[in-house]
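Notes for the one structure printed next.
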Amino acid sequence: MNAIRPGRNAMLARALAAALAAATLAYPASAQDAYVIGVTGALTGPAAGTNGPPIEGLRLYVDRLNAAGGINGKKIQLTVLDDQGEPSKAAANAKRLLTQDNVSLLVLSSLSSTFAPVIAETRRANVALMLMGAVCPKEVYPPADLLQFCTTAYAGGYDSRATLAFIKETAKEPVRIGFAAMAIPLSRGEIDYAEEQAKAMGMTPVDKEVIPPSTADYTPFATKLKDANPNWIFSWAPWVTQVKTFEALRRLGWEGDYITWAHIEAESELARLKDGKFYVIGANSLFQDNLPIHKQIIEEAKKANIRYPAEQMTEGWIGGLVLEAVLKAGGWPADAAKIRAAMENVKVDTQGLRGGAIEWSKDNHFRTRQYYRVYRWDPAKSAVAVTKDWVAYDVK
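Printed below as a string of structure tokens:
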């Protein structure tokens, strides 16, 4: 499928925001006869390409549940607000959803810079926060924060360890490594961590660029990286930072290996770039695997006339699988306390969308095992291909 271009992305995001608002109005149920779930996310702004589609995927899954009669005989009412990836807007959205709409669960799909104010609001309201399409913070690892849960594929610490292990086993010469992050808390923190881990693994860090979210021209940052002469570069950031840094490097003539996180944009972008030295590492299977679950999502997306490519629905679909399990376990009526309690005993079969299940307990709100797979464009096959199959890391 074709990649969504930046200009078109903004148009689609605005259309998506309108569609989601309409979807909310389609279920004007009160808190007494529906599960009321709030969502704040970056439907527009620099991170919309990464954070917008998961919300659409969640809506797709919820619409499917509602069409089948809901959960425990009750519909799910989604109230979705756009925060544009801005902390102040995310805080205002969270406050409204928690105090005016009285949601029983808040879902966040936005930049990590929005986390602190949103978490503060959920703590005041004593309502659980489910991060979906937003990076998993360390607070969901054991021993987990009481109110924070995460379904998203990518997570700090484990991602860098898996990436650096792949680089070490793949590199054919001593590794001189550069790094690229977005200037937001978790991206910067993860790249700082990766830099220290690289040193411990015998690699030589040569440069680290921390790039503002609003950057229009990536050439200055790419120039600094290129001039440091790395043979590998690792970027862990929203897709816009990852891919634009890479493209700027290639325009400057850098020919080294580049590995980055396999966000939902990755599959179509691998096919667009057709670069055999551009690797993506992730915890989601790509649709080129053609599993039954991929076919199901494609069919559901077609029926619903989804505005994003079907392969970008994975994070939202997984969020829907988890939400369904939580609400079933919470029963009816289910207030915020019952839903939070139900979230502490969840095991969801991801049906091949991940390497394993999502399993939450009282002390672990992430998963018990995190699985990684590496893909790249294979020039010989003229197709996206698996470079390294699933590798599991125990979450402790």
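1 is the number of the first residue of the sequence shown in my numbering; add one for each residue after it.
By construction, the Cβ of each residue, glycine as well, lies at the ideal position given by its N, Cα and C atoms.
On a predicted model such as this, the values are computed, not experimentally measured, just so you know.
In the DSSP assignment, Tyr35 is bridged to Ile76.
Note that the C-beta distance between Ala183 and Pro213 is below 9 Å. Straight across, the Cα-Cα distance linking Ile167 with Ala67 is about 46 Å. Using a 10 angstroms sphere on the CB of Gln242, the tally of other CB atoms reaches 16 or more, which defines it as buried. In the three-state reduction of the DSSP assignment, Leu60 falls in the helix class. Contact holds between the stretch 53-63 and the stretch 312-331, because three or more Cβ pairs, one in each stretch, are under 8 Å apart. Sequence-distant partners of Leu286 (beyond 5 residues in either direction) whose C-beta falls short of 8 Å from its own C-beta, in its chain, are Ala262, Ala266, Glu267, Glu311, Tyr375 and Val384. Looking at the backbone, the Cα of Trp390 and that of Ile293 are separated by about 18 Å. For Leu108, the uninterrupted beta strand (DSSP E) segment begins and ends at Leu105 to Ser109. In the DSSP assignment, Asp394 falls within the beta strand (DSSP E) that extends over Ala383 to Asp394. Assigned with DSSP and collapsed to three states, Thr215 falls in coil, not helix or strand.
Assignment of Leu270 by DSSP, reduced to helix, strand and coil, places it in the helix class. Contact between the stretch 30-50 and the stretch 98-111 is present: three or more C-beta pairs spanning the two stretches fall below 8 Å.
In this structure, DSSP gives Phe366 a state outside helix and strand, which the three-state scheme calls coil. Setting aside the 5 residues that flank it on each side, Val322 is surrounded in the same chain by Thr151, Val346, Val348 and Ile358, each with a C-beta closer than 7 Å to its C-beta; the list follows chain order. Pairing Met343 with Ile233, the inter-Cα distance amounts to about 38 Å. Buried is the label assigned to Thr260, since at least 16 other Cβ atoms lie within 10 Å of its Cβ. A distance below 9 Å separates the beta carbons of Ser160 and Trp236. Tyr154 and Asp275 have their alpha carbons spaced roughly 23 Å apart.
The C-beta of Arg340 has 16 or more other C-beta atoms within 10 Å across all chains shown, which makes the residue buried.
Pairing Pro185 with Met203 gives a Cβ-Cβ distance that is not under 9 Å. With contact defined as three or more Cβ pairs closer than 8 Å, the stretch 354-368 and the stretch 134-147 are in contact.
Straight across, the Cα-Cα distance linking Arg123 with Ala336 is about 12 Å. The beta carbons of Asn290 and Leu353 sit no closer together than 9 Å. Looking from the CA of Phe115, the closest CA among Ala92, Val80, Leu327 and Arg369 belongs to Ala92.
Taking each of Asp378, Gln351, Pro379 and Val395 in turn and checking the Cα distance to Thr368, the smallest one comes out for Val395. Residue range Asp257 to Trp261 is occupied by the beta strand (DSSP E) that includes Tyr258, with no alpha helix (DSSP H) assigned at that position. Asp217 counts as exposed, since fewer than 16 other beta carbons sit within 10 angstroms of its beta carbon. Just measuring C-alpha positions, the residue of Asp33, Gly52 and Gly57 sitting nearest Glu299 is Gly57.
Collapsing the DSSP output to three states places Asp82 in a strand.
Taking C-beta separations shorter than 6 Å and ignoring five residues to either side along the sequence, the partners of Arg176 in its chain run Thr204, Val206, Pro230 and Asn231, following chain order. The DSSP assignment places 239-251 as complete runs of the alpha helix (DSSP H) inside the stretch 222-257, in order along the chain (cut-off: 4 residues). Closest in C-alpha terms to Ala165, from the list Asp378, Thr50, Ile281 and Ala47, comes Ile281. Selection Val210, Lys277, Thr163 and Leu131 evaluated against Ala380 yields Lys277 as nearest (Cα-Cα). Going by beta carbons, Trp360 and Leu273 fall outside the 9 Å limit. With respect to the C-alpha of Gly156, the residue from Tyr193, Ala125, Ala128 and Asn126 having the closest C-alpha is Tyr193.
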